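Structure first, then comments.
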Amino acid sequence: MRFTCLQENLSRGLALVGRAVATRTTLPITQNVLIETDQGRLKLSATNLELAVTTWVGGEVQEEGSVTIPARLLTDFVNSLPADRVEMETTGRPLGVRFKCGRFQANINGTAAEEFPPIPTVEEGMTARVEPHVLRTAIGRVAFAAATEEARPVLTGVKVEIAGQQFTLAGADGFRLAVFKGSLLEPAPEDTEAIVPARTLLEMQRLLADQDEPVEIVITPSRSQLLVHIKNIEVVSQLVQGTFPNYAQLIPQSANTTAVMNLNEFTRAARAASIFARDGGGIIRLQMVPGSDGMRGKMVVTSSAEETGDNTGEIDANVEGAEAKIAFSSRYLTEVLGNLDGESIALETTTPSSPGVVKPLGGEDYVHVVMPMFVQW
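Structure (structure tokens):
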């Protein structure tokens, strides 16, 4: 194999596939990146056996070929090179690649491409197309709510439902639930659902950062694999098998008290309270007080720790219904607020022991349910 390309293009390609390189593995070759020529371009692939990422780098092919070499060593070396043309040529004994860029050169030993795990391919399945910024927003609102512990594997995934021209993402870890509804570019040919690993979605979110072309999502008929096609990038992921909880039953349909407040002010108050909550069981207490005599109501945010001290913050709020109190985990509250945007949000509560509901004001596309902490008031 002989190939020439720009250093910045090769560096960008290695950064894209690097997210799928295995870190801790019993199969050392998955710590390598597969390099091969493909229709006049350089094809880079990496896999950790659950997720595979492939991208293409433009350049000039002088001789076809393929090889696999250690990803971290290659990435670090390429990133250290000047912004110039990089020449690559495979060597026979030992098998590897000789690199030359300006006045720099290196030989990196590798392994035969035949020993690299096959990159999964998805030949058929249900295909849906969505705008990248819509999918990026959906992932940001939901994926963080999925479980990280493997005790219940199904909760480490995000439920994806596609019906007509709408898609729904739902993530839950047993203490909170996040649901986002978005629109597809055109109606899907058939309704389907699958459970996608949250880790896969978070990697997709990073890959979508600078994309502006529609994203193509393919789910195999057996619901065992997911293919995401972005410009010059393909992501193939194994899907989580199992039955996701009926999340619709977990969303409260009514509330005794609703407080509407500025998102930035509420976030600032919650973050300040979380500092004291670190040593106080991670608890933030919220008190919603309706206004009287034409005055606006308020939200009182408090936290305390016996050895550290306490904190109280007040922000203006339009409170409908009776005065209410509820306590949340500081982590869960600050995480949902940190993943929202817009000017105002609504917090709906029923009793101190019932789930609270957070919604962006004026939008029906997102709902976040948080289980309360049980405290003495």
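So that you can map any letter, position 142 of the sequence shown is 286 in the working numbering, and since no number is skipped, the others follow by simple counting. Heads up, the beta-carbon is just placed ideally off N, CA and C, and yes, glycines get one too. If you're wondering where the values come from, they're calculated on a predicted model, not measured in any experiment.
Bridge partners - residue i, DSSP secondary structure assignment
{"i": "methionine 432", "result": "Met443 and Ala468"}
{"i": "serine 210", "result": "Glu180"}
{"i": "tyrosine 510", "result": "Phe324"}
{"i": "threonine 402", "result": "Glu464 and Glu492"}
{"i": "valine 201", "result": "Leu186"}
{"i": "asparagine 381", "result": "Here residue 381 is serine; the residue named in the question, asparagine, does not match the sequence. DSSP, once it has assigned bridges, lists Leu195 and Leu370 as partnering serine 381."}
{"i": "serine 448", "result": "Asp454"}
{"i": "asparagine 253", "result": "Gly240"}
{"i": "alanine 413", "result": "DSSP output for alanine 413 lists no bridge partner at all."}
{"i": "alanine 272", "result": "Ile361"}
{"i": "arginine 156", "result": "Arginine 156 is not bridged to any residue."}
{"i": "isoleucine 459", "result": "Met443"}
{"i": "proline 504", "result": "Ile489"}
Supposed contact pair residue j and residue i - C-beta distance, whole angstroms, cut 8 angstroms
{"i": "leucine 371", "j": "valine 266", "result": "4 angstroms"}
{"i": "leucine 352", "j": "leucine 279", "result": "6 angstroms"}
{"i": "threonine 411", "j": "glycine 308", "result": "Actually they do not touch by this definition, with Cβ atoms about 35 angstroms apart."}
{"i": "threonine 300", "j": "threonine 292", "result": "7 angstroms"}
{"i": "threonine 201", "j": "leucine 188", "result": "Just to set this straight, residue 201 is valine in the shown sequence, not threonine. Confirmed, about 7 angstroms."}
{"i": "valine 197", "j": "valine 230", "result": "Contact flag wrong, Cβ pair sits at about 21 angstroms."}
{"i": "alanine 215", "j": "valine 241", "result": "Not a contact, Cβ separation roughly 13 angstroms."}
{"i": "glutamate 334", "j": "glutamate 305", "result": "In fact, because the Cβ distance is near 12 angstroms, the residues do not count as touching under 8 angstroms."}
{"i": "glycine 269", "j": "valine 362", "result": "5 angstroms"}
{"i": "phenylalanine 248", "j": "methionine 232", "result": "Contact doesn't hold; Cβ gap of about 13 angstroms is too wide."}
{"i": "asparagine 400", "j": "glycine 465", "result": "5 angstroms"}
{"i": "glutamine 349", "j": "lysine 325", "result": "About 18 angstroms; that fails the 8 angstroms criterion."}
Contact set for residue i: own chain, Cβ-Cβ below 6 angstroms, skip 5 residues either direction
{"i": "glutamate 347", "result": "Arg163"}
{"i": "methionine 515", "result": "Phe319 and Pro499"}
{"i": "valine 323", "result": "Ala314 and Val511"}
{"i": "leucine 195", "result": "Ala164, Thr344 and Ser381"}
{"i": "alanine 138", "result": "Missing from the structure shown is residue 138; the chain here goes from 145 to 521 and no further."}
{"i": "glycine 435", "result": "Gly441"}
{"i": "valine 359", "result": "Val274, Pro276, Leu279 and Ile374"}
Residues near residue i in its chain [Cβ-Cβ closer than 8 angstroms; skip 5 each side]
{"i": "glycine 209", "result": "Met145, Arg146, Glu180, Thr181 and Thr234"}
{"i": "serine 398", "result": "Thr494"}
{"i": "glycine 453", "result": "Phe420"}
{"i": "asparagine 376", "result": "Thr199 and Trp200"}
{"i": "glutamine 173", "result": "Here residue 173 turns out to be isoleucine, not glutamine, going by the sequence shown. The answer, listed in chain order, is Thr212, Thr255, Glu259, Phe260 and Pro261."}
{"i": "arginine 185", "result": "Trp200, Val201, Gly202, Gly203 and Val205"}
{"i": "leucine 505", "result": "Val404, Gly486, Glu487, Ser488, Ile489 and Ala490"}
Spatial neighbours of residue i in its chain, beta-carbon cut-off 7 angstroms, leaving aside the 5 residues before and after
{"i": "alanine 421", "result": "Ile427, Ile428, Ser447 and Ser474"}
{"i": "glutamate 207", "result": "Met145 and Arg146"}
{"i": "aspartate 317", "result": "Ala289, Ala290, Ala291 and Leu299"}
{"i": "proline 297", "result": "Val384 and Gly386"}
{"i": "glycine 157", "result": "Leu188, Thr199 and Val201"}
{"i": "valine 519", "result": "Ile427, Arg429 and Ala471"}
{"i": "alanine 342", "result": "Ala287, Ala290, Thr300, Gly301, Val302 and Gly315"}
{"i": "methionine 251", "result": "Residue identity check: residue 251 is asparagine in the sequence provided, not methionine. These residues qualify, in order along the chain: Thr235, Gly240 and Arg242."}
{"i": "alanine 227", "result": "Gln151 and Glu152"}
Three-pair Cβ contact test at 8 angstroms for the region 403 to 416 versus the region 217 to 226:
Touching, no.
Is it a yes or a no for the region 328 to 345 touching the region 269 to 276, going by three-plus beta-carbon pairs under 8 angstroms?
Touching, per the Cβ criterion.
State whether the region 426 to 443 contacts the region 468 to 484, with contact taken as three or more CB pairs (one from each stretch) at a distance under 8 angstroms.
Taking 8 angstroms as the limit for Cβ pairs, the verdict is that the region 468 to 484 does touch the region 426 to 443.
I'd like the ranges of any beta strand (DSSP E) spanning at least 3 consecutive residues and lying wholly in the region 276 to 327.
Runs found: 301 to 307, 310 to 316 and 320 to 327.
Runs of 4 residues minimum, wholly inside the region 322 to 361: which ones carry the alpha helix (DSSP H) assignment?
Segments of the alpha helix (DSSP H) lying fully in the region 322 to 361: 342 to 351.
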